[in-house]
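One line per chain: the protein sequences are A and B, in this order.
Here this note's numbering is used: the first residue of the first sequence is 136, the next is one more, and so on.
Here this note's numbering is used: the first residue of the second sequence is 2, the next is one more, and so on.
Virtual Cβ for every residue (Gly too), placed ideally from N, Cα, C.
Predicted model, so just to flag it, every value in this text is computed and none were measured.
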Amino acid sequence: MTVLEARAVSAGYGAGTVLRDCTLSLASGDVLAVVGPNGAGKSTLLRVLAGLLRPRAGSVSLDAADIVSLSRAAIARRIAVVPQILDTLFPFTVREIVGLGRTARLGRFGGASAGDAAAVDRAIAELELGPLASRRIDRLSGGERQRAVLAMALAQEADVLLLDEPTVHLDPGHQIATLAHLSRLARTRGLAILAVLHDLNLASAVASRVVVMDQGRIVRDAPPGETLTSELVAAIFGSGLEVVARNGSPRVFPADRIRS
Amino acid sequence: MRVATTFVALAVVLVLSIAAGILVGSVPIAPGDVLGALLGSPDVNGTIVRDLRLPRVLGSVLVGGSLATSGALLQGLLRNPLADPFVTGTSAGATLAAIVAIALGLSAPLVPLAAFVGALVAVGLVWRLARLGGPTTVLTVLLAGIVLTAFAGAVATFVLVASDRLAVHLRSVLGWLQGGVSVIDSGELAVAAAIVTIGLAGAVALAHRVDAYAFGEETAATLGVDPDRTTRAVLGATALLSGAAVALAGLVGFVGLVVPHALRFAVGATHRRLVPASFLAGAAALVLADLGARTLLAPGELPVGAITGLVGAPFFLALLVRSRRVVV
Chain A
136 MTVLEARAVS AGYGAGTVLR DCTLSLASGD VLAVVGPNGA GKSTLLRVLA GLLRPRAGSV
196 SLDAADIVSL SRAAIARRIA VVPQILDTLF PFTVREIVGL GRTARLGRFG GASAGDAAAV
256 DRAIAELELG PLASRRIDRL SGGERQRAVL AMALAQEADV LLLDEPTVHL DPGHQIATLA
316 HLSRLARTRG LAILAVLHDL NLASAVASRV VVMDQGRIVR DAPPGETLTS ELVAAIFGSG
376 LEVVARNGSP RVFPADRIRS
Chain B
2 MRVATTFVAL AVVLVLSIAA GILVGSVPIA PGDVLGALLG SPDVNGTIVR DLRLPRVLGS
62 VLVGGSLATS GALLQGLLRN PLADPFVTGT SAGATLAAIV AIALGLSAPL VPLAAFVGAL
122 VAVGLVWRLA RLGGPTTVLT VLLAGIVLTA FAGAVATFVL VASDRLAVHL RSVLGWLQGG
182 VSVIDSGELA VAAAIVTIGL AGAVALAHRV DAYAFGEETA ATLGVDPDRT TRAVLGATAL
242 LSGAAVALAG LVGFVGLVVP HALRFAVGAT HRRLVPASFL AGAAALVLAD LGARTLLAPG
302 ELPVGAITGL VGAPFFLALL VRSRRVVV
């Protein structure tokens, strides 16, 4: 069942247009990977879907409601966003950061209920942050911080999860583990997940559909085998890559040694 | 546990500071006589304690607590440890409005109200300037704050020189500008206390929303905080607090900057703890600074801003060095 849908959306900043006529739907249980070259509009698409940027044309709907008509708190109870920027100047603890995920559900003056505490505990346990819970976020490694922010988004208990480069600070082992966890959340809890990914192989391995963007348009939206074809990869990313089939899904490698 | 201990310690320090501020002064009065004076003895000691020391100490509590609380909120909202009511232009707006109010001959209780309005106008202008032609960043807010501070300072100088009413009191007005707690009457103190109470209640109620700014305004929005409404509410609360502070004590530097910064080491970054802790610590710091201002060069008096600058600047430097060492 479709939860979040963009219909013929165009959007941009100032005089520039970044997104042109983008249509996309995200359903419960989906794992969508958005790929494309730098500047293709991936992060802007995510911002429009999160209701952070108003479309100039077209619309985004969350269930039946136009997202621009919803309050930030109402959106936050349905959509969680994992940002790309993870720096914070102040000495928040990991538990406090995860607790920020409950902001939209707290009482008027910020009172937390037993349900809030339980959601925070569960998110901390799921991402194995227990031993780090009382550590300062600004003293963790990039990967640990990334997991803490992911836990913050999970504590939101939203049914849509939008992630901007969630694996960029992680080592290969944690990249696989994090994406496996997201995939499990989609399957077992019916979360609708959309992640902007730079790594085409991770996209191919995890996604039910790969959305390829180029110059502000969605050029293909289909399962990995139909998206990451030799022709499309060459057209979008240039000729330096080779596509190989592996266990039924494509993998993309450098075609030759790069060192000259 | 450690946090609870810190709060108890802060409350104890504040109570002791208030006691010291009332017991000690340029005229020595025995503790027993101070107690008698507080209970209403009609002699000269009663006048000194009830009409001079007590209002000064209570004024200092309001000023120090307000400045530190404003600093904590602004730093959280802008994600910048260098933010305080001064760099955002709030104090300059409050100062100009207070000077105009005095020049127009408004009664003392109206001065804090005028200062609040001036602070509100200044902070609104700064936010508008900072938003021109793009999203607000810390840099644009600070730049707009500097511009507005310079402009309001120039206008204030014009008013000071042009006003006959102020020319008579130029020396005392300049003293107030440099930062000196001067409570003219109990009406002014009561109005300031009411303004500070509203501002502090707002600050406490907003604290959890300011926490959501840990990763910036956009993430605050995705966590469920309305950025425009929150910004307006935070700026309104800081205008109330710093307006009252400026009306009572002019420009007192470093309290709003240093106190929240130092407290983060003790109570952490969460504003639900940082905001009330900042009020307690800021209040105690200014009561002690004012005590120093009254007694260090007795019978002469220093502006309290000189004391906060003297202690605050090296303290801030030490905190900067320490935080850098921790990070590296």
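- Asp212/B and Glu377/A have their C-alpha atoms some 47 Å from each other.
- Listed along chain A is no residue with a C-beta nearer than 7 Å to that of Ala284/B; the closest approach is about 22 Å.
- With contacts defined by Cβ atoms closer than 8 Å, Gly254/B and Thr309/B form a contacting pair.
- Val25/B does not reach chain A, its nearest Cβ partner there being about 36 Å away, counting only Cβ pairs nearer than 8 Å.
- Per the DSSP secondary-structure output, Leu297/A pairs in a beta bridge with Val216/A, Leu329/A.
- With the criterion set as a beta carbon lying under 9 Å from some beta carbon of chain B, the members of the stretch 204-215 of chain A are Ser206, Arg207, Ala208, Ala209, Ile210, Ala211, Arg212, Ile214, Ala215, in sequence order.
- Under the Cβ criterion (8 Å, minimum of three pairs), the stretch 233-247 of chain B counts as touching the stretch 55-74 of chain B.
- Among the residues facing chain A, Glu302/B is not included, as its CB has no counterpart in that chain under 8 Å away.
- Residue pairing by DSSP places Met348/A opposite Ile353/A in a beta bridge.
- Put simply, the stretch 220-235 of chain A does not touch the stretch 192-207 of chain A. Fewer than three CB pairs are less than 8 Å apart.
- Relative to Glu261/A, the option among Arg155/A, Leu285/A, Ala327/A, Leu154/A whose CA is nearest is Leu285/A.
- For Ala239/A, the C-beta contacts it makes with chain B under 7 Å involve Leu224, Gly225, in order along the chain.
- Listed in chain order, the non-local C-beta contacts of Leu317/A below 6 Å within the same chain comprise Ile328, local neighbours out to five positions each way being set aside.
- Inside the stretch 247-274 of chain B, DSSP marks whole alpha helix (DSSP H) runs of 4 or more residues at positions 256-268, from first to last along the chain.
- Val229/A: member of the alpha helix (DSSP H) spanning 229-234, first to last residue.
- For a Cβ distance threshold of 9 Å, residue set Leu224, Phe225 of chain A lies close to Pro82/B, ordered along the chain.
- Residues of the same chain with a CB within less than 6 Å of the CB of Ser339/A, apart from the 5 flanking positions on each side, are Pro359, Leu363, Ser384, Pro385 in chain order.
- Judged by DSSP in its simplified three-state form, Glu219/B adopts helix.
- DSSP places Pro29/B outside any alpha helix (DSSP H), giving it a letter other than H or E.
- When CB distances to chain B are screened at a threshold of 9 Å, the residues of the stretch 155-189 of chain A falling below it are Arg182, Ala185, Gly186, Leu187, in chain order.
- In chain order, Phe216 make up the part of chain B whose C-beta sits under 8 Å from the C-beta of Leu221/A.
- For Phe87/B, the three-state secondary structure derived from DSSP is coil.
- Within chain B, Phe216, Gly217, Glu219, Thr220, Thr223 have C-beta atoms less than 9 Å from the C-beta of Pro218/A, given in sequence order.
- Taking 9 Å as the Cβ-Cβ cut-off, the stretch 53-72 of chain B has no residue approaching chain A.
- With respect to the 8 Å criterion, Gly171/A and Ile393/A are not classified as neighbours on the basis of their beta carbons.
- Under the DSSP assignment, Gly278/A falls in the alpha helix (DSSP H) whose first and last residues are 277-290.
- Note that the stretch 255-267 of chain B does not touch the stretch 34-41 of chain B; fewer than 3 beta-carbon pairs, one per stretch, sit closer than 8 Å.
- Taking a beta-carbon distance threshold of 8 Å, Thr228/A counts as an interface residue toward chain B.
- A residue is called buried when at least 16 other Cβ atoms come within 10 angstroms of its Cβ; Glu361/A does not meet this threshold and is exposed.
- Membership of Ser160/A in the beta strand (DSSP E) is indicated by the continuous run 151-162.
- In summary, the residues of the stretch 177-209 of chain B whose CB is separated from some CB of chain A by less than 8 Å are Val205, Ala206, Ala208, His209, in the order they occur in the chain.
- DSSP, reduced to helix, strand and coil, places Val226/B outside both helices and strands of the structure shown, so it counts as coil.
- The stretch 198-215 of chain A makes no contact with the stretch 170-183 of chain B, as fewer than three CB pairs between them are under 8 Å.
- For Val122/B, the number of other beta carbons within 10 angstroms of its own is at least 16, and it is reported as buried.
- Counting only residues of its own chain and dropping the five nearest sequence neighbours on each side, Leu264/B has a CB closer than 7 Å to the CB of Leu275, Ala278, Ser279, Ala282.
- Sorting Ile272/A, Gly151/A, Arg191/A by C-alpha distance to the C-alpha of Gly174/A places Gly151/A at the top.
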